[in-house]
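The opening residue of the sequence shown carries number 548 in the numbering used here; numbering runs sequentially from there.
Just below is one structure, and these are the notes that go with it.
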Amino acid sequence: MLHLTYFEKFKKPISLAFAASLLISFNAIASNLQKSDEFVDLGKGTKVRIVEQDATVTETLSKVSYIPKKVSEGPTDSDMTVVQNPAKPGKDGHFVDGPYTIDELDSIQTYAIVESVYRMTRGDLEVLKTKFPTTSSITKAVKTWDGRQYGILKISPNAGEDENAYYSREGTDRVLNFFHYTGTDKKEGRTCRSSDVVAHEAGHSMLDIFHPEYFDVDSPHTGGFHEAFGDLTAIFWTLSEFDQCKAVILDTGGDLHQPNFVSELAEQFGQTIGVGSSLRNADDDLAITQVENEVHELSRVFTGAIYDVLVDGFQANYTVSKTMKTPELILFETSQYLRQLFMESVLRLKTKAPTFSDFAYGLFDTANKRKVTPVFELDKIDWSSSILKQFERRKIRVKAGSTKMNFMGEAAVAKKGACGVACGRNAKKK
């Protein structure tokens, strides 16, 4: 299920900069501990060129990113391969200088985003496994991921013409398709060039690994959650890049309810097809009674609740940490914590077709258990109260099995996650 929902400058002591760099490397290091067959020694990995945000968003241009493993033509690794317009590494083994065609650059960009999202998530799994070694749902997720019974992910950066992108699964084939389109300015755009869109689709593919049953039910809420998971993957991935945390703090002064590129998803795509400043905005107050019974519309309610929980957590963490850490480091740590808390709650769910209430209660219950028996420093923040407030003010009961306001009738649940324009053109911004 998909959709295009996103796309996708501080003075600080040197000690904090060093600490930040260690934090940024943590997920990759954690992954290395478990997947030693894939990861290489320091200095022997692969460099790729990556663009973290749309050209219309910030002055941030391309940068070179380091992947701690060998990557072959495609690019290709043990999790994914680009099957269209494959790019070859240079003589130095990296995907940086080329020369490359425009299509090959798109292949490198798309791979780089998906690989980064996957590595972030595998790192989170390792953290959870280390902290909760007896939790069967977590150990099962790690075994499933590393066993790769789900098949390699096939990526097509330009699968045709459409204002869209989607993830699909047919048998053991898992596919990410992106497209080109003609915008209102009569210029060609490509959805693979949006980091938000690519991260969103990568999110769909990962959730399908953990909960393949969600892909096979026609529940509006389960489908809506699939879309929200994609949006939230894009948000969490953006905030996993420390330079993006710095940028959004400079842009907003730390007030994440000000317009910003983290909450605004797929800016360039939304602008070029004429739906507004972005395709969707995570910072809204929509209640479930205010949206149509369609998975992308429903997803906006869930995404909005989690975004507000993130902002609440950031503010609470800043209150206790502002004399010790910079705002951007606090934001980086807060997002990382909530991302892993959210993932833990999703892995623990056993309902085949969960409602928003089931998902909300799962997150609330996981936060409550951590509060009683703290494992992480940020467990001490009152996350459960924020979760309760943000979901219930959107008319979502934080109660397992609740069917109130759950609209369990038929809805537009697309197996390929296609959305494109529809979910943006009816958007009601905050």
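No residue lacks a Cβ here, since even glycine has one placed at the ideal position from N, Cα and C.
Continuous alpha helix (DSSP H) stretch holding G801: start and end: G801 -> no alpha helix (DSSP H), and no H or E assigned at all.
DSSP has H641 in a bridge; who is on the other side? Answer is none; H641 lacks a bridge partner.
Apart from the five residues on each side of it in sequence, which residues of its chain come closer than 6 Å, Cβ to Cβ, to S868? I877
Considering only DSSP beta bridges, list what H727 is partnered with. E708 and R737
Bridge partner(s) assigned by DSSP for S714: Going by the sequence as given, residue 714 is Tyr instead of Ser. In DSSP, Y714 forms a bridge with L723.
Would you mind listing the alpha helix (DSSP H) stretches within the segment 847 to 896 that are 4+ residues and don't spill past its ends, in chain order? 874 to 895
With 16 other CB atoms within 10 Å as the buried threshold, where does L551 fall? In this prediction, L551 scores a pLDDT of 39, lower than 50, which makes its location untrustworthy; no coordinate-derived value is stated.
On the DSSP letters alone, give me the boundaries of the beta strand (DSSP E) that R941 sits inside. That residue, R941, is in no beta strand (DSSP E); it is neither H nor E in DSSP.
Given 8 Å, three or more beta-carbon pairs between the segment 708 to 728 and the segment 751 to 766: yes
Note down, in chain order, each residue of its chain lying with its Cβ closer than 7 Å to the Cβ of V630, except the 5 sequence neighbours on either side. K701, I702 and S703
Rounded to the nearest angstrom, what separates N711 and F816 at their Cα positions? 10 Å
9 Å Cβ cutoff met for K616 and D624: yes
Grouping DSSP H, G and I as helix and E and B as strand, with all else coil, what is E814? helix
Closest by CA to D855, which one among Y761, L779 and T902? L779
If I follow the unbroken alpha helix (DSSP H) through L779, where does it start and stop? P767 to S787
Just to confirm the assignment, what range does the alpha helix (DSSP H) spanning V661 have? I649 to K678
Can you check which of these residues, Y908, G640 and L894, is closest to T682 by C-alpha distance? L894
Whose C-alpha, out of V795, T850 and N705, is nearest the C-alpha of H727? N705
Could you tell me whether the segment 667 to 687 touches the segment 725 to 740, where touching means 3 or more Cβ pairs closer than 8 Å? no
Tell me which same chain residues have a C-beta within less than 8 Å of the C-beta of G909, skipping the five on either side of it? S892, V893, R895, L896, P901 and A947
Alpha-carbon spacing of G800 relative to R695, whole angstroms: 43 Å
Beta carbon of G777, beta carbon of L845: below 9 Å? no
With burial defined as no fewer than 16 other Cβ atoms inside 10 Å of the residue's Cβ, what is the status of G851: buried or exposed? buried
For E811 and chain C, any beta-carbon pair shorter than 9 Å? Protein chain content of the structure displayed is limited to a single chain, and chain C is not contained in it.
Whole angstroms is fine: what's the gap from S882's alpha carbon to R827's? 20 Å
Beta-carbon within less than 6 Å of T785's beta-carbon, same chain only, minus the 5 sequence neighbours each way: which residues are those? Q791 and V809
Applying the 10 Å Cβ sphere with the 16-neighbour rule, what's the burial state of L925? buried
Ignoring anything shorter than 3 residues, give me the beta strand (DSSP E) runs that lie fully in the segment 591 to 633, in order along the chain. 593 to 597, 610 to 614 and 627 to 629
Candidates S612, D830, A781 and E814: which alpha carbon is nearest G590's? S612
Just how far apart, CA to CA, sit K927 and Q862? 14 Å
Per DSSP, which residues does F586 bridge with? Please list them. K616
Buried or exposed: which applies to V618, given that a residue is buried once 16 or more other Cβ atoms fall within 10 Å of its Cβ? buried
Below 9 Å between beta carbons: does that hold for A978 and V744? The chain is shown only over 548 to 977; residue 978 falls outside these bounds and no answer can be derived.
Classification of P874 by the beta-carbon crowding that lies within 10 angstroms, buried from 16 upward: buried
DSSP state of N840, grouped into three classes? coil
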